[in-house]
Amino acid sequence: MSRAVVMAGAGALGWYGKLPAAGDFVHRRLPRELIAWWDKWLQHGLASLRASVLEDQAQRAYAGAPIWNFAIPAGLGTGLVQLGCIGPSRDRVGRSYPLCVISYLDPAEYTPALLDAAGAFYRQAGAGVMGAVRHGRAPEQLDQLLLNLSLPRPGPSATPGNDIMDILNAGLGTPAAPSAPTGTGWAELPACFNPDSHTSYWWTNQADGAAHHTYVHGGALNATLFGKLFWPMGAGWRA
417 MSRAVVMAGA GALGWYGKLP AAGDFVHRRL PRELIAWWDK WLQHGLASLR
467 ASVLEDQAQR AYAGAPIWNF AIPAGLGTGL VQLGCIGPSR DRVGRSYPLC
517 VISYLDPAEY TPALLDAAGA FYRQAGAGVM GAVRHGRAPE QLDQLLLNLS
567 LPRPGPSATP GNDIMDILNA GLGTPAAPSA PTGTGWAELP ACFNPDSHTS
617 YWWTNQADGA AHHTYVHGGA LNATLFGKLF WPMGAGWRA
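Counted from 1, the sequence shown has number 486 at position 70 by my numbering; the numbering is strictly sequential.
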């Protein structure tokens, strides 16, 4: 992704996907390159899910998946740090495709304090996705709601002290997984997340009442990750 797009996107918010109230793809305030990056993964993931299980089983599993929060580093090809959430959705005629809300910024603008203070953003974004899918909000209604979100803002670097995590992470190419969930999801997530790495973090949003589950994914977003998020029987996050 070009440097111009990265800089233009610093501190920006956009969304992309399908809505039950719309007939096809809808998006707002996302660079074309970023939409293409997401679409490549989502199309591949949906095709892989359909190929792995029976069509009706895949549809039921996908529709019952929770909304997931994410923190995606710039090292995965976009040059952007992405914070947001994604949930199962569909268009007006029932064609499945997720809906994602993305706050994106240049990695140089990121500090651990930004992620540490993003709890309200994640909660509000998850509620927006849930309302759009379950209550049929029009694109304009969803967009107005999202424009009023409390966006995560860059601030002074202030990683919570954690001597044990510092020792565990010392010299590791891949950061250790955060431990117990609290607030935005993981107490140590701001300390573990590296904005320039290839490791993304995923955890269930609480807007839809889902049980708290987490997943740390190394490398490019792929069909394995999609299955973890949208196929509960295969991922093991639902009994």
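Beta carbons: idealized from backbone N, C-alpha and C, even for Gly.
Query raised in the report: What do you get for V517, buried or exposed, if any count of 16 or more other CB atoms within 10 angstroms of its CB means buried?
Result: Against the sequence shown, residue 517 aligns to sequence position 101. Around the CB of V517, 16 or more other CB atoms lie within 10 Å, so the residue is classed as buried.
Query - Rounded C-alpha distance that separates F486 from R511 - result: Numbered from its first residue, the sequence shown carries residue 486 at position 70. Numbered from its first residue, the sequence shown carries residue 511 at position 95. Each residue's alpha carbon lies about 24 Å from the other.
Query - A626 versus P514 - alpha carbon distance - result: Here the question's residue 626 lines up with position 210 in the sequence shown. Here the question's residue 514 lines up with position 98 in the sequence shown. Cα-Cα distance, rounded: 17 Å.
Query raised in the report: Using the C-alpha atoms, what's the distance from Q557 back to A548?
Result: Translated into the one-based positions of the sequence shown, residue 548 becomes position 132. Translated into the one-based positions of the sequence shown, residue 557 becomes position 141. When rounded, the distance between both Cα atoms is 8 Å.
Query - Range covered by the alpha helix (DSSP H) that runs through T640 - result: Within the sequence shown, the letter at position 224 stands for residue 640. Its alpha helix (DSSP H) spans residues A639 to F646.
Query - CB contact flag (A490, P611, <7 Å) - result: Counting from one through the sequence shown, the residue named residue 490 turns up at place 74. Counting from one through the sequence shown, the residue named residue 611 turns up at place 195. Yes. Within cutoff.
**Report entry** Candidates R569, D522 and T620: closest to A543 by CA position
**Finding:** Sequence index remark: in the sequence shown, residue 543 carries index 127 (1-based). Among R569, D522 and T620, the Cα nearest to that of A543 is on T620.
Report task. Just tell me which of P568, A524 and H551 has its CA closest to the CA of R539. Result -> Locating residue 539 in the sequence shown gives position 123, where the first residue counts as 1. When each option's Cα is compared against that of R539, the closest is P568.
Query raised in the report: Can you tell which of L563, G535, G552 and V469 has its C-alpha closest to the C-alpha of W431?
Result: For the purposes of this step, residue 431 is identified with residue 15 of the sequence shown, where counting begins at 1. That would be L563, whose Cα lies nearest to the Cα of W431.
Report task. Taking only the alpha-carbon atoms, compute the straight-line gap between T527 and Y520 and give it to the nearest angstrom. Result -> As a working mapping, residue 527 is identified with position 111 in the sequence shown. As a working mapping, residue 520 is identified with position 104 in the sequence shown. Straight-line Cα distance between these residues: approximately 13 Å.
Query raised in the report: On the three-state DSSP scale, how would you describe L499?
Result: Taking the sequence shown and counting its residues from 1, the one referred to as residue 499 is at position 83. L499: strand per DSSP, three-state reduction.
Report task. Starting from T494, follow its DSSP beta bridges and name the residues at the other end. Result -> Here residue 494 refers to the residue found at position 78 when the sequence shown is read from its first residue. Its beta-bridge partners do not exist; DSSP assigns none.
Query raised in the report: Does DSSP put S566 in a helix, in a strand, or in coil?
Result: Reading the sequence shown from its first residue, position 150 is the one you call residue 566. Three-state result, S566: coil.
Requested in this report: Leaving out five residues on either side along the sequence, give the residues of the same chain with a beta carbon under 7 Å from the beta carbon of V421.
Outcome: Indexing the sequence shown from 1 puts residue 421 at position 5. For V421, the predicted structure reports a pLDDT of 42, less than 50, and the residue's modelled location is therefore unreliable. The matter cannot be settled from this model.
Report task. Kindly indicate which residue of H551, V545 and W454 has the alpha-carbon position closest to the one of P482. Result -> Translated into the one-based positions of the sequence shown, residue 482 becomes position 66. For the residues H551, V545 and W454, the minimum Cα distance to P482 belongs to V545.
Requested in this report: Given a cut-off of 7 Å, decide if F646 and Y478 are closer than it, judged by their beta-carbon atoms.
Outcome: Counting from one through the sequence shown, the residue named residue 478 turns up at place 62. Counting from one through the sequence shown, the residue named residue 646 turns up at place 230. Their beta carbons are under 7 Å apart, which means Y478 touches F646 by this criterion.
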